[in-house]
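Have a look at the structure below before the remarks.
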Amino acid sequence: MTNILAINAGSSSLKFQLLQMPEEHVVAKGLIERIGLKEPIFSMTTNGQKVEFIEKITNHQDAVQLLLHHLIEQKAVNSLQDIDGIGHRLVHGGEEYSDSVLIDDEALIAFERLSDLAPLHNPANIAGIIEFKKALPHVPAVAVFDTAFHQTMPESSFLYSIPYDYYKKYGIRKYGFHGTSHKYVTGRAAELLNRPVETIRLISCHLGNGASIAAIDGGRSIDTSMGFTPLAGVTMGTRSGNLDPALIPFLMEKTEKSAEEVLDVLNKKSGMLGVSGFSSDLRDIEMEASKNNPRAQLALDVFANRIHKYIGSYAARMNGVDAIIFTAGIGENSEIIRAKVLAGLQFMGVYMDPDLNKIRGKEAFISFPHSPVKVIVIPTNEEVMIARDTVRLSGLQGF
Ligand code: ADP
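Right, here's the structure in full:
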């Protein structure tokens, strides 16, 4: 029996799962929220029992200590020696990492360097790695990157049409994100379609608060909607997605905001929140739309319309598509968004069954059996991917 901790450390939160491998059984999972803020909350579910405490958590070190304490207290493990490996989510792996990696001192230095590319995310991920290393120095740790799966994109997909020197000098290119999720659903889709992954063309729609679409040909990502940062691509909860870059200086002049402030608007006050004017959460927007709130209806249409267009463009990119996948909070649950996204795509062989589309949060085909292009809902599982890679790269196989 091998116990792996899968960790996702953000700037003020830390999500965790303890998985028993190779069974992939979730022993405990939980979330530490509001680290360093007022009234931090620790919550954890072990064997169906949920506990929640308000604790003093001033930094990541406190968070890690508290998590280890509660894992023992709630009997998820008998002692810290029962933790065999730790897998950490790291948002940005740049061009250096096309696969997960065992973390040693050299890797940590490389991660620090990559923080330049993801200043909002990587430093918090790294803080988590360092604190676990201090607490459990002899336990192997592995980093799993959001960008790694997209490293198979050809240059013609990842290059921006700007002077080529900028790519060479500054690393400006499309990196893409949500790779761990797109990779997981790719594997599941091949199993559900009962076909070798090398033979299928997939369009994966990861629709959560952040959203991205990926074109996956023969199991390899060949294009994706997010770019140099996770701001690009489709409309999201609070992020604008693609827009005309000339808007930025224009907005700076009109609103007298700095570039950083405008970027903050595009990251945090735009997307469905910006369009609807009241919420970034799809459940709220669907509720208001059902009461004929026109701005809520508009937010749904803007969101669905962008995804619909990506599907068309990625089908063209791969000269066809065998299956379209919906995953993450919205993709797994929203009948309304899936129906709007797929409306009218019969011309390219997509025939969705409105009855099957009622499914929520479960793996299911939602296309008619005769549909040449299959549509599949697949709940994502990034933690299981992190745990699998931790086992593979730390030599725990056959433990
Ligand atoms: P994150 O990117 O933060 O991991 P999630 O994958 O949890 O996000 O997705 C969050 C989004 O999923 C929110 O917009 C939420 O409203 C939406 N969502 C969750 N459950 C449902 C549901 N039952 N119906 C519609 N939308 C849902």
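For the sequence shown, numbering that gives the first Met the number 0 gives the first residue as 0, with consecutive numbering after it. All C-beta atoms in this analysis are idealised placements derived from N, C-alpha and C, irrespective of residue type, glycine included.
Fewer than three Cβ pairs drawn from the segment 36-44 and the segment 100-120 lie within less than 8 angstroms of each other, which leaves the two stretches out of contact. Residue environment analysis places G319 among the exposed positions, since fewer than 16 neighbouring C-beta atoms fall within 10 angstroms of its C-beta. Taking S97 as the centre and dropping the five residues before and after it, the same chain places the C-beta of A147 and Q150 closer than 6 angstroms to its C-beta, in chain order. For R387, no beta strand (DSSP E) segment is defined; the enclosing uninterrupted segment is the alpha helix (DSSP H) at E381 to L392. The Cβ-Cβ distance between R219 and A322 does not fall below 9 angstroms. Under the three-state reduction of DSSP output, I199 falls in the coil class, being neither helix nor strand. A residue is called buried when at least 16 other Cβ atoms come within 10 angstroms of its Cβ; M0 does not meet this threshold and is exposed.
Between G86 and V141, the C-beta gap is smaller than 9 angstroms, which places the two residues in contact. Residue side-chain check: E95 keeps its Cβ at 8 angstroms or more from all non-hydrogen atoms of ligand 1. Counting only residues of its own chain and dropping the five nearest sequence neighbours on each side, V340 has a CB closer than 6 angstroms to the CB of A303, I306 and H307. Contact between the segment 120-132 and the segment 205-217 is absent, with fewer than three C-beta pairs closer than 8 angstroms. When C-beta atoms of the segment 284-304 are compared with those of the segment 163-183, fewer than three pairs fall below 8 angstroms, so the two segments do not count as touching. For M43, the beta-bridge partners assigned by DSSP are G29 and V50. DSSP places A140 in the strand class (E or B) of the three-state scheme. Unbroken alpha helix (DSSP H) runs of no fewer than 4 residues, entirely contained in the segment 102-140, are found at 104-113 and 121-134, following chain order. Checking the 8 angstroms criterion, the Cβ of L281 is within range of a heavy atom belonging to ligand 1.
Look at K373 here: in three-state DSSP terms it is strand. Under the three-state reduction of DSSP, S220 is assigned to strand. Shortest gap from the CB of R305 to any heavy atom of ligand 1: 8 angstroms or more. Residues of the same chain with a CB within less than 7 angstroms of the CB of H69, apart from the 5 flanking positions on each side, are F41 and M43 in chain order.
Set against 8 angstroms, the gap from the CB of I202 to the closest heavy atom of ligand 1 is not smaller. Fewer than three Cβ pairs drawn from the segment 173-181 and the segment 343-362 lie within less than 8 angstroms of each other, which leaves the two stretches out of contact. Counting the other Cβ atoms within 10 Å of the Cβ of E94 gives fewer than 16, which makes it exposed.
Remark: the shortest separation between the CB of S333 and any heavy atom of ligand 1 falls under 8 angstroms.
For G84, the enclosing beta strand (DSSP E) starts and ends at G84 to L89. As the crow flies, the alpha-carbon of S257 is around 9 angstroms from that of L250.
In the structure shown, F367 falls within a coil segment according to DSSP collapsed to helix, strand and coil. About 5 angstroms separates the beta carbons of V143 and D388, which is inside the 8 angstroms limit, making them a contact pair. Selection D104, M286 and T45 evaluated against L18 yields T45 as nearest (Cα-Cα).
Straight across, the Cα-Cα distance linking G226 with D243 is about 14 angstroms. Runs of the alpha helix (DSSP H) lying entirely within the segment 200-283, each at least 4 residues long, are 246-254, 258-267 and 270-275 in chain order. Taking a C-beta distance under 9 angstroms as the contact criterion, H59 and A123 qualify as a contact pair. For F325, the enclosing beta strand (DSSP E) has its first and last residue at A322 to T326. The continuous beta strand (DSSP E) containing L13 extends over residues L13 to M20. Put simply, of L191, H91 and D222 the residue whose alpha carbon is nearest the alpha carbon of P153 is D222.
Following the DSSP letters along the chain, one finds I6 inside the beta strand (DSSP E) bounded by residues T1 to A8.
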